[in-house]
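In this note's numbering, the protein residues as written are 8 to 218.
Right, dumping it as C-alpha coordinates:
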(Lines of atoms letter the chains of each structure in order from A and count residues from 1; the text may use other names and numbers.)
(Lines give C-alpha, C1' and ligand atoms only; values in the text may rest on other atoms or scores of the structure.)
Protein backbone atom coordinates (compact mmCIF):
# COMPACT_ATOMS: atom_id res chain seq x y z
CA UNK A 1 0.00 0.00 0.00
CA UNK A 2 2.90 2.36 0.72
CA UNK A 3 4.29 1.82 -2.79
CA UNK A 4 0.92 2.73 -4.28
CA UNK A 5 0.70 5.88 -2.16
CA UNK A 6 4.22 7.04 -3.05
CA UNK A 7 3.80 6.48 -6.78
CA UNK A 8 0.36 8.08 -6.76
CA UNK A 9 1.66 11.20 -5.03
CA UNK A 10 4.57 11.57 -7.44
CA UNK A 11 2.23 11.09 -10.39
CA UNK A 12 -0.21 13.74 -9.14
CA UNK A 13 2.03 16.23 -7.35
CA UNK A 14 5.21 16.05 -9.40
CA UNK A 15 8.74 15.81 -8.01
CA UNK A 16 8.96 15.60 -4.20
CA UNK A 17 11.69 14.98 -1.66
CA UNK A 18 11.30 12.49 1.17
CA UNK A 19 10.05 14.96 3.76
CA UNK A 20 7.38 16.28 1.39
CA UNK A 21 6.25 12.75 0.54
CA UNK A 22 5.90 11.88 4.24
CA UNK A 23 4.00 15.09 4.96
CA UNK A 24 1.57 14.44 2.08
CA UNK A 25 1.04 10.85 3.20
CA UNK A 26 0.34 11.91 6.79
CA UNK A 27 -1.50 15.20 6.28
CA UNK A 28 -2.66 15.32 2.67
CA UNK A 29 -4.11 11.86 2.19
CA UNK A 30 -4.64 11.24 5.88
CA UNK A 31 -4.61 7.50 5.31
CA UNK A 32 -1.06 6.70 6.41
CA UNK A 33 -0.80 8.85 9.51
CA UNK A 34 1.72 6.52 11.15
CA UNK A 35 4.18 6.32 8.27
CA UNK A 36 7.73 6.92 9.47
CA UNK A 37 10.99 7.70 7.73
CA UNK A 38 12.09 4.22 8.81
CA UNK A 39 9.48 2.70 6.49
CA UNK A 40 9.40 5.45 3.86
CA UNK A 41 13.05 5.52 2.81
CA UNK A 42 13.39 1.74 2.36
CA UNK A 43 10.27 1.90 0.16
CA UNK A 44 11.78 4.75 -1.87
CA UNK A 45 15.03 2.81 -2.25
CA UNK A 46 13.12 -0.31 -3.33
CA UNK A 47 11.11 1.62 -5.92
CA UNK A 48 14.25 3.35 -7.17
CA UNK A 49 16.05 0.00 -7.54
CA UNK A 50 13.05 -1.34 -9.49
CA UNK A 51 13.20 1.64 -11.86
CA UNK A 52 9.79 2.90 -10.75
CA UNK A 53 11.22 6.24 -9.70
CA UNK A 54 14.48 8.10 -9.99
CA UNK A 55 16.25 10.47 -7.66
CA UNK A 56 17.74 13.78 -8.65
CA UNK A 57 19.83 16.11 -6.53
CA UNK A 58 18.39 19.43 -5.40
CA UNK A 59 20.00 22.66 -6.56
CA UNK A 60 21.60 25.30 -4.35
CA UNK A 61 19.05 26.70 -1.87
CA UNK A 62 17.35 29.86 -3.16
CA UNK A 63 18.60 32.09 -0.32
CA UNK A 64 22.22 31.21 -1.08
CA UNK A 65 21.77 31.91 -4.79
CA UNK A 66 20.08 35.22 -4.00
CA UNK A 67 22.91 36.27 -1.73
CA UNK A 68 25.45 35.62 -4.46
CA UNK A 69 23.51 37.63 -7.03
CA UNK A 70 22.94 40.79 -4.94
CA UNK A 71 24.40 43.70 -6.94
CA UNK A 72 26.77 46.25 -5.37
CA UNK A 73 24.85 48.74 -3.24
CA UNK A 74 27.21 51.67 -3.50
CA UNK A 75 27.50 52.02 0.28
CA UNK A 76 29.85 50.50 2.82
CA UNK A 77 27.03 49.35 5.10
CA UNK A 78 25.23 47.77 2.13
CA UNK A 79 28.33 45.90 1.02
CA UNK A 80 28.81 44.60 4.56
CA UNK A 81 25.20 43.38 4.60
CA UNK A 82 25.77 41.49 1.33
CA UNK A 83 28.92 39.89 2.70
CA UNK A 84 27.09 38.84 5.88
CA UNK A 85 24.27 37.28 3.82
CA UNK A 86 26.77 35.35 1.71
CA UNK A 87 28.57 34.20 4.84
CA UNK A 88 25.33 32.98 6.45
CA UNK A 89 24.33 31.16 3.25
CA UNK A 90 27.73 29.53 3.06
CA UNK A 91 27.49 28.32 6.65
CA UNK A 92 24.04 26.87 6.04
CA UNK A 93 25.09 24.92 2.94
CA UNK A 94 28.64 23.95 3.99
CA UNK A 95 28.95 20.23 4.64
CA UNK A 96 25.29 19.51 3.96
CA UNK A 97 24.44 16.65 1.64
CA UNK A 98 22.18 17.53 -1.25
CA UNK A 99 18.65 16.28 -0.66
CA UNK A 100 17.21 13.80 -3.10
CA UNK A 101 14.12 14.74 -5.04
CA UNK A 102 12.16 11.80 -6.44
CA UNK A 103 10.22 11.64 -9.68
CA UNK A 104 8.13 8.87 -11.18
CA UNK A 105 9.28 7.05 -14.32
CA UNK A 106 7.35 5.30 -17.08
CA UNK A 107 7.98 2.03 -15.25
CA UNK A 108 6.59 3.65 -12.13
CA UNK A 109 3.43 4.69 -13.95
CA UNK A 110 2.91 1.12 -15.12
CA UNK A 111 3.50 -0.15 -11.58
CA UNK A 112 1.09 2.44 -10.19
CA UNK A 113 -1.62 1.38 -12.64
CA UNK A 114 -1.11 -2.30 -11.74
CA UNK A 115 -1.25 -1.63 -7.99
CA UNK A 116 -4.32 0.56 -8.38
CA UNK A 117 -6.28 -2.22 -10.08
CA UNK A 118 -4.98 -5.04 -7.87
CA UNK A 119 -7.83 -7.40 -6.94
CA UNK A 120 -8.99 -7.40 -3.35
CA UNK A 121 -8.02 -3.79 -2.78
CA UNK A 122 -11.52 -2.79 -1.73
CA UNK A 123 -11.82 -5.20 1.20
CA UNK A 124 -9.70 -3.19 3.62
CA UNK A 125 -10.91 0.31 4.49
CA UNK A 126 -7.48 1.96 4.23
CA UNK A 127 -6.65 0.20 0.98
CA UNK A 128 -10.02 1.16 -0.47
CA UNK A 129 -9.66 4.76 0.69
CA UNK A 130 -6.24 5.02 -0.92
CA UNK A 131 -7.46 3.60 -4.21
CA UNK A 132 -10.48 5.87 -4.17
CA UNK A 133 -8.21 8.89 -3.63
CA UNK A 134 -6.50 8.04 -6.93
CA UNK A 135 -9.64 6.79 -8.70
CA UNK A 136 -9.44 9.41 -11.43
CA UNK A 137 -6.55 7.38 -12.86
CA UNK A 138 -8.84 4.37 -13.30
CA UNK A 139 -11.00 3.67 -16.32
CA UNK A 140 -14.72 4.17 -15.65
CA UNK A 141 -15.54 0.42 -15.49
CA UNK A 142 -12.70 -0.14 -13.02
CA UNK A 143 -13.91 2.74 -10.82
CA UNK A 144 -17.40 1.29 -10.75
CA UNK A 145 -16.03 -2.18 -9.98
CA UNK A 146 -14.00 -0.76 -7.08
CA UNK A 147 -17.07 0.91 -5.58
CA UNK A 148 -19.34 -2.11 -6.05
CA UNK A 149 -16.74 -4.48 -4.63
CA UNK A 150 -16.47 -2.34 -1.52
CA UNK A 151 -20.25 -2.13 -1.21
CA UNK A 152 -20.56 -5.92 -1.39
CA UNK A 153 -17.91 -6.32 1.32
CA UNK A 154 -19.71 -3.83 3.58
CA UNK A 155 -23.07 -5.52 2.96
CA UNK A 156 -21.60 -8.78 4.23
CA UNK A 157 -20.16 -6.97 7.23
CA UNK A 158 -23.51 -5.35 7.98
CA UNK A 159 -25.25 -8.75 7.93
CA UNK A 160 -22.69 -10.05 10.44
CA UNK A 161 -23.14 -7.07 12.74
CA UNK A 162 -26.93 -7.29 12.59
CA UNK A 163 -26.73 -10.97 13.48
CA UNK A 164 -24.54 -10.10 16.46
CA UNK A 165 -27.25 -7.80 17.79
CA UNK A 166 -29.40 -10.86 18.47
CA UNK A 167 -26.86 -12.32 20.89
CA UNK A 168 -28.62 -12.37 24.25
CA UNK A 169 -25.30 -12.62 26.07
CA UNK A 170 -24.53 -9.00 25.20
CA UNK A 171 -24.94 -6.51 28.02
CA UNK A 172 -26.10 -2.95 27.37
CA UNK A 173 -22.56 -1.64 26.78
CA UNK A 174 -21.55 -4.33 24.33
CA UNK A 175 -24.88 -3.96 22.55
CA UNK A 176 -24.28 -0.20 22.25
CA UNK A 177 -20.95 -0.90 20.56
CA UNK A 178 -22.59 -3.31 18.10
CA UNK A 179 -25.33 -0.77 17.33
CA UNK A 180 -22.72 1.92 16.74
CA UNK A 181 -20.83 -0.37 14.36
CA UNK A 182 -24.03 -1.14 12.46
CA UNK A 183 -24.85 2.56 12.13
CA UNK A 184 -21.37 3.27 10.79
CA UNK A 185 -21.52 0.48 8.21
CA UNK A 186 -24.97 1.63 7.08
CA UNK A 187 -23.71 5.19 6.60
CA UNK A 188 -20.77 3.92 4.57
CA UNK A 189 -23.11 1.90 2.35
CA UNK A 190 -25.33 4.95 1.80
CA UNK A 191 -22.25 6.98 0.88
CA UNK A 192 -21.16 4.31 -1.59
CA UNK A 193 -24.65 4.21 -3.10
CA UNK A 194 -24.34 7.92 -3.89
CA UNK A 195 -20.91 7.41 -5.46
CA UNK A 196 -22.15 4.45 -7.50
CA UNK A 197 -25.18 6.39 -8.69
CA UNK A 198 -22.97 9.30 -9.73
CA UNK A 199 -20.61 6.95 -11.57
CA UNK A 200 -23.45 5.21 -13.39
CA UNK A 201 -25.06 8.54 -14.29
CA UNK A 202 -21.87 10.01 -15.75
CA UNK A 203 -22.08 11.01 -19.44
CA UNK A 204 -21.70 8.04 -21.73
CA UNK A 205 -22.63 5.48 -19.10
CA UNK A 206 -25.83 3.62 -18.58
CA UNK A 207 -27.44 3.25 -15.17
CA UNK A 208 -28.19 -0.45 -14.64
CA UNK A 209 -30.36 -1.31 -11.68
CA UNK A 210 -28.41 -2.29 -8.56
CA UNK A 211 -29.53 -5.59 -7.01
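Glycine is no exception: its CB is placed at the ideal position from the N, C-alpha and C atoms.
### Message
In whole angstroms, give me the CA-to-CA distance for residue 102 and residue 56.
### Response
In the chain shown, the residue the question calls residue 102 occupies position 95. In the chain shown, the residue the question calls residue 56 occupies position 49. Low local confidence applies: a pLDDT of 47 at residue 102 is under 50, so the model's placement there is unreliable, and no value is given.
### Message
Could you tell me the alpha carbon to alpha carbon distance between residue 210 and residue 14, rounded to whole angstroms?
### Response
As a position in the chain shown, residue 210 is number 203, starting the count at 1. As a position in the chain shown, residue 14 is number 7, starting the count at 1. In a straight line, the C-alpha of residue 210 is about 29 Å away from that of residue 14.
### Query
What is the rounded straight-line gap between the Cα of residue 92 and the Cα of residue 25?
Within the chain shown, the letter at position 85 stands for residue 92. Within the chain shown, the letter at position 18 stands for residue 25. Confidence in residue 92 is poor, its pLDDT being 48 and thus under 50, which makes the residue's placement too unreliable to answer from.
### Query
Mapping DSSP to helix, strand and coil, what is residue 106?
Translated into positions along the chain shown, residue 106 becomes position 99. Three-state result, residue 106: coil.
### Query
Cβ of residue 42 within 8 Å of Cβ of residue 53?
Here residue 42 refers to the residue found at position 35 when the chain shown is read from its first residue. Here residue 53 refers to the residue found at position 46 when the chain shown is read from its first residue. Result no, Cβ atoms of residue 42 and residue 53 do not sit closer than 8 Å.
### Task
Can you say whether residue 115 is buried or exposed, counting buried as having 16 or more other CB atoms within 10 angstroms of its CB?
For the purposes of this step, residue 115 is taken as residue 108 along the chain shown, with counting starting at 1. It counts as buried.
### Query
Between 188, 150 and 182, which lies nearest to residue 199 when the distance is taken from Cα to Cα?
Counting from one through the chain shown, the residue named residue 199 turns up at place 192. Comparing Cα-Cα distances from residue 199 to each of 188, 150 and 182, the minimum goes to 150.
### Message
Going by DSSP in three states, residue 170 sits in which element: helix, strand or coil?
### Response
Position 163 of the chain shown holds residue 170. If DSSP states are grouped into helix, strand and coil, residue 170 belongs with the helices.
### Task
Report the option in 168, 196, 176 and 46 whose CA atom is closest to the CA atom of residue 29.
Counting from 1 along the chain shown, the entry for residue 29 is found at position 22. Residue 29 has its Cα closest to that of 46, out of 168, 196, 176 and 46.
### Task
Please report how far the alpha carbon of residue 112 lies from the alpha carbon of residue 9, in whole angstroms.
As a working note, residue 112 is residue 105 in the chain shown. As a working note, residue 9 is residue 2 in the chain shown. Using only the alpha carbons, I get a separation of about 17 Å.
### Task
Indicate the three-state DSSP secondary structure (helix, strand or coil) for residue 145 in the structure shown.
Reading the chain shown from its first residue, position 138 is the one you call residue 145. It is coil, neither helix nor strand.
#### Entry: Member of 16, 146, 189 and 20 whose CA lies at the smallest distance from the CA of residue 171
Along the chain shown, read from residue 1 onward, the residue named residue 171 stands at position 164. Answer by Cα proximity: 189.
### Message
Which same chain residues end up closer than 7 Å to residue 162 when comparing Cβ atoms and leaving out the 5 residues on each side of it in sequence?
### Response
Taking the chain shown and counting its residues from 1, one reaches residue 162 at position 155. Hits under 7 Å: 196.
### Message
Can you find the residues in the same chain that come closer than 8 Å, C-beta to C-beta, to residue 168, ignoring five residues on each side of it along the sequence?
### Response
Taking the chain shown and counting its residues from 1, the one referred to as residue 168 is at position 161. Only 185, 188, 189 and 192 meet the Cβ criterion.
### Message
I need the DSSP call for residue 209, collapsed to helix, strand or coil.
### Response
Taking the first residue of the chain shown as 1, we reach residue 209 at position 202. Residue 209: coil per DSSP, three-state reduction.
### Query
Which value, in whole angstroms, describes the spacing of the CA atoms of residue 16 and residue 144?
Taking the first residue of the chain shown as 1, we reach residue 16 at position 9. Taking the first residue of the chain shown as 1, we reach residue 144 at position 137. Computed Cα separation, rounded: 12 Å.
### Segment limits, beta strand (DSSP E) that includes residue 62
Within the chain shown, numbered from 1, the residue matching residue 62 stands at position 55. First-last of the beta strand (DSSP E) with residue 62: 60-64.
### Task
Return yes when the Cβ of residue 12 is within less than 8 Å of the Cβ of residue 137, no when it is not.
Residue 137 sits at position 130 when you count from the first residue of the chain shown. Residue 12 sits at position 5 when you count from the first residue of the chain shown. Taking 8 Å as the Cβ cut-off, residue 137 and residue 12 qualify as a contacting pair.
### Message
If the criterion is Cβ atoms closer than 8 Å, does the pair residue 64 and residue 110 meet it?
### Response
One-based indexing of the chain shown puts residue 64 at position 57. One-based indexing of the chain shown puts residue 110 at position 103. Taking 8 Å as the Cβ cut-off, residue 64 and residue 110 do not qualify as a contacting pair.
### Query
Just curious, the alpha helix (DSSP H) that residue 134 is in, first and last residue?
Reading the chain shown from its first residue, position 127 is the one you call residue 134. Unbroken alpha helix (DSSP H) run through residue 134: 132-140.
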